[in-house]
Amino acid sequence: MNIIKKLLFSTRAMAVMLLIYAVAMAVATFIENDYGTPAAKQLVYYSVWFSVLQVLLIINFIANIFRYRLWHRGKWSVLLFHVAFVVMFIGAAYTHLFSVEGMMNIREGETSNHIISNKTYVKLDIFDGDQHLAYETPYTMTFLNSKKVGFPLHRNFSQRYLFKDRDISVRSLDYIPHAKDTVIAGKGKLSLEIVTVGQGGRKTNYIQEGEIKEIGGAIFTFNNPIEGTIQISGNENALTINSPLEGQSMSMQGQQMGAVTDSATFAQSLQKIEVNTPQNARLRAMYQIGPVNFVLAKPAYRGTLEFIAGDKNKDQENSNVVVLEYKDGNVKDTLILRGGEGYTNLSARKQINGLMISAGYGSKIINTPFAIKLKDFQMETYPGSQNPSSFASEIAVIDNGKEKDYRIYMNNVLDYGGYRFFQSGYDPDQLGTRLSVNQDRPGTIITYIGYFMLYLGMFLTLFWKGSRFTNLAKMLKNLSHKKYLFLGFLSVLSLQNLKAQDAESHIRTLDSIANSAEAEQHHEHDGHNHGSDEFAMKADNITTIEKGEDIVKQIHFSPEHLDKFEHLLIQDDRGRIKPVSTHALELLRKVYKSDKFYGLPATAWFISVQQNPSLWAKAPIIKVGKDIGPELYKKLKVDETNHTSLMNMVNLGTGEFYLAKAYGESFRKKPSEKTKQDNEIINVTERFTILDNLAKGYYLKMIPVQNDINETWTSWIKQGETMDIDTTALAFFNKYFNAVNQAQKNNDWAQANSVVDEIGAYQQKWGKNIVPPQTKVNIEVFYNHFEPFFHVMKVYGVLGIIFLILGFMNLFSNKKILRKLIFYTLIATWAVFMVHAFGLGLRWYISGHAPWTNGYEAIVFISWIGVLAGLILYRNSNAFLPAAGCFVAVIMMGFAHGSALLDPQITPLVPVLKSYWLIIHVAIIAASYGFFGLGMVLAIFSLVLYCLKPSKIITKNIKELTIVNEMSLTIGIFLLTVGTFLGGMWANESWGRYWSWDPKETWAFISIIVYAFVLHMRLVPGLRGNFAFNIASLWAVASPIMTYFGVNYYLSGLHTYAAGDKIPIPTWVPISVAIALVLSLVSYYFYRKNHKKLVSQ
């Protein structure tokens, strides 16, 4: 009995199980990335052993409640916290076992009560002419069912069925995900090649004799007539077709793409397809039947069907293939099933041993007791773009003859009859909706009760008398030498936060240089030259780059005129309406990597490039990093400031873009294969393209299109293969640039200002539905000039240094003058902090959403929190705390303004982010990383102290630092836990499930488990003590780093920016690991040598 208690109920058992639990989930995320979510669920999440592990952990939790008598009043908060996990486990178990999840797809005007289940089944129908039985066995096929997978990982589906007196069995022989099939001509079954034509282009499909197969959204059979399918019958010599729907075919023989055919010839080529009327099939004719357009490419032929596993990203629309062995007594046969999640048809039909056998693999249809009619699907896009702003379904619930209207949209759920309906997606033609459906009210309620208990327990733990946290606070208060503690706190609260960065996936195009060898037609408009053909001049002796100072000397604009022009509005490619000031600044930052060009404001640069593109073709404005390689660096004639001109990037004799070939090679590489040189080639090409397109006029979308339903604004020329001129915009810009040219000659800007007023009035008249208030425009222009975060960063740096000097002086001298200086510096810091807050408020007002939706905003926000923490924790004239806050801001905002990965551009939100959850969930999660980073820094500081000769002061400081470390990790784990499960609640409101084992949420949960282990080490014999705790705290930070950084770029999921393709591991990762390993080993050596004896004494 004692052995069982030790194995199940001891803290050692708990520690081991927590580590196994965390490692198992970590491995599962990589299995999911490489082999799909079903494989991860089969091997880990939904496996028997993983469920047993979870049950054992819950039993251990309950046992330790009794062991440590958590029902005592002083431990109620801890009791609530631990019971919450038990309740959440029960809720999750109920959801897993009894919930129903699926999709309901409805077209406009149609009604449905069919839910297509997310769960998959192996289906078998048996019919002997007298009796019909249908079987559905729940099973999920994964790569483990592939014949390529050997023991011990290989899985087989096997099932026995009793039909009358027959013992029938089936088992899986092979599984091919996203299968691509081909037929090898020769011996074998009669085969047919069907080519479909749709939005995705041409696609070749194969069907063999006796098969039933979904092709292009329709069900086909070949020599296997089944009612309701497109039935093709015949042999090598002749084919017939019989359709359940009306259609037509058009002969393609003798036709040429794009040729004009007379009506008589066209009519002869058409042939009507009658319903359920067999007729001769025509080869190489285009058939249009229902949703599918197809061509019978050639006569039937014999061959062997082979399957190849498709790419999980490129071929995800392909069905999976399951090869089954069917056995009836001594009779065996093979069934080829095509399907997967979302497929509901039986895809194989055969006569075997006197029985008609139909089989399939996929979802099943669940009928609801009521029906839903889609009255209208509505999608709003951001003005002038195809980016969705919101989409919604106007539906009617039909129940017992009564009809009631509802509206479902993102983050707005319909609860009806025990089912919850969520706006999940829509059909490509925007005439149909896709609703995610969930039936799990009991599981959700139980889980939410657990969440509430968890939040309450965590909150009380921080303040409940007698809790571990309050006891730590008392211990800290009783220690006398606090100054060393604050030095540890000073050692950069935000080192970890440096890693809080998002990267956006940029779509880079090269339309302007795809045919760079050909000269474009050039239009001159009264002295205003558009286009980059000036950049492809053919000359042998010509200056290709001039000094930036000389360029700027040639440009003159009235300050009043620039002020008026930069307040005009412009529409970007994502549909945002913003001041020209913002647009110009964003473009200059991307091309030149600075806010001004040799002192020239961004707006003046923006106008000048349109006005005189040939001048800017020689400007050293395109940033080129040395990562591009010495050969290209020299070829592009990069100057000492790491910039080159547009003309230096083009062969003036041929018009060839020097990086065209290198760009193509670099862009085609997988992320994991791209070198620093590849990335720099891509980045430089993007900068070239931006400048080229700016000179052509593509970025001048300032003129609203009258009465346009999508509120599109346009430039004088539209980007495309053909030159499309907008005459209204052209007239405005001709008039404007003529006025500017004249003003620069006579220094009279009245006419130019007048044209700006005309453009502004036109924008207000024809864009009145989407133009922002003038107050917001003025504030955004002020924000662009103010640059609050860059300036406060510099002031924080000065204040931090002052605090640091005063803090060190205060260690050795406690003079009154020092306290006064600290006080005055503190007031100055509060003033700068308020300016920082003011900047965040401006950005919130301008963007219309919380300022932490991208990497740049998150960094700026967390730096503000760091300063706030330093100011709030300030005690006893200790200057190190506010100094720490200042340096957090300097380091983080310096990274925000200096990193190429972070873009300060304000962008519209995707529909799912338009929720109050954004404010709560993201802010709490981001804050937790700061506390874990602090714990890591404190651990490093403690381990360094272990390397020193022990003394009373050092021993006290180690204890102090460890106490603060534990308090920091406690706050961090509370914040991360609350933030993670709040994210689950958000997901439940958006997608209908609060937990889906997405890599991001899984790794957040892993981090919770890791830090739970670290915080419980004090209860585990052999792992107790300050040294062990600090070692664990140092290495534990790897988990939140993986959660925030690694998942984004190495795993595929809902929260990630990659498609599972691995990028090279950053250099700082192995360096950090090496430093941590060396520090751990060295500190352990000195701990064993010096400190362990003191501890034992």
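If you use UniProt numbering, the sequence shown corresponds to residues 1 to 1097, in order. Note that the Cβ used here is the ideal one computed from N, Cα and C, for glycine as well.
Candidates the options: closest to residue i by CA position
i     : options                  : result
Y783  : R843, V292, P278         : R843
N318  : K203, L270, A371         : K203
T37   : K119, L80, F370          : K119
L961  : K477, T95, L124, F222    : K477
Y466  : K75, K180, E966, P882    : Correcting the residue identity first, residue 466 is Gly in this sequence and not Tyr. Minimum Cα distance to G466 is reached at K75.
V1037 : L153, P442, G1022, W1003 : W1003
S968  : T277, F469, W830         : F469
T582  : S47, I551, T240, Q905    : Q905
P630  : S608, P620, A602, I681   : I681
M141  : G150, H132, N156, I1075  : N156
G150  : L173, Q159, D34          : L173
T603  : E560, S146, V122         : E560
N438  : I184, W1035, W995        : W995
S847  : A926, K148, I779         : I779
H96   : Y45, G935, Y121, L239    : Y45
A889  : N387, A24, F789          : F789
T137  : M286, F9, S363, Q231     : S363
Residue i versus residue j - alpha carbon distance
i     : j     : result
S1007 : Y455  : 18 Å
L694  : G894  : 29 Å
F1027 : I59   : 30 Å
Y361  : D399  : 32 Å
I570  : L730  : 15 Å
T853  : F931  : 20 Å
G933  : S1033 : 10 Å
Q54   : M103  : 30 Å
M379  : A869  : 43 Å
I555  : N33   : 54 Å
I703  : T907  : 21 Å
K482  : K623  : Per-residue confidence for K482 stands at a pLDDT of 43, beneath the threshold of 50, marking its modelled position as unreliable; the derived number appears in the next sentence. Their backbone Cα atoms lie some 49 Å apart in a straight line.
L806  : K794  : 19 Å
I954  : E787  : 44 Å
F597  : V197  : 51 Å
DSSP bridge partner residues for residue i (one or two, in chain order)
i     : result
Q439  : V100
Q571  : I577
R819  : Answer is none; R819 lacks a bridge partner.
I703  : T714
G841  : Note: G841 sits in no beta bridge, so no partner.
Y1044 : According to DSSP, which records beta bridges pairwise, Y1044 is partnered with nothing at all.
Residue i (DSSP reduced to helix, strand or coil)
i            : result
S614         : helix
N497         : Note that N497 scores a pLDDT of 36, beneath 50, so its modelled location is shaky and nothing firm can be said.
D34          : helix
W637         : The identity of residue 637 in the sequence shown is Lys, whereas the question assumes Trp. Reduced to three states, the DSSP call for K637 is coil.
T980         : helix
G254         : Low local confidence applies: a pLDDT of 46 at G254 is under 50, so the model's placement there is unreliable, and no value is given.
K404         : strand
Q719         : coil
Q386         : coil
D181         : strand
H154         : coil
T344         : coil
residue 1122 : Because the chain spans 1 through 1097 in this model, residue 1122 falls outside it and cannot be assessed.
A743         : helix
A74          : Checking the sequence, you will find Gly at residue 74 rather than Ala. DSSP places G74 in helix when its eight states are reduced to three.
V321         : strand
H849         : coil
Heavy atom of the ligand PLP within 7 Å of residue i beta-carbon
i    : result
V777 : Here there are no bound small molecules, and the ligand PLP is not part of this structure.
For this session: Check whether the segment 444-454 touches the segment 86-97, taking contact to mean three or more Cβ pairs, one atom from each stretch, closer than 8 Å.
Result: Yes, since at least three Cβ pairs between the segment 444-454 and the segment 86-97 fall closer than 8 Å, the two stretches touch.
Problem set entry | Touch test, the segment 974-985 against the segment 7-15, Cβ-Cβ under 8 Å, three pairs minimum | Fewer than three pairs of CB atoms, one per stretch, sit closer than 8 Å, so the segment 974-985 makes no contact with the segment 7-15.
Exercise. At a cut of 8 Å, does the segment 374-383 reach the segment 351-359 through at least three beta carbon pairs?
Worked result: Contact between the segment 374-383 and the segment 351-359 is absent: fewer than three C-beta pairs spanning the two stretches fall below 8 Å.
For this session: Decide yes or no for the touch test of the segment 688-702 against the segment 641-656: beta carbon pairs closer than 8 Å, at least 3 of them.
Result: By the Cβ rule, the segment 688-702 counts as touching the segment 641-656, because three or more pairs are nearer than 8 Å.
For this session: Examine the Cβ distances between the segment 304-311 and the segment 272-281 and report whether three or more of them are shorter than 8 Å.
Result: In the pairwise beta carbon analysis, the segment 304-311 is classified as not touching the segment 272-281: fewer than three pairs are separated by under 8 Å.
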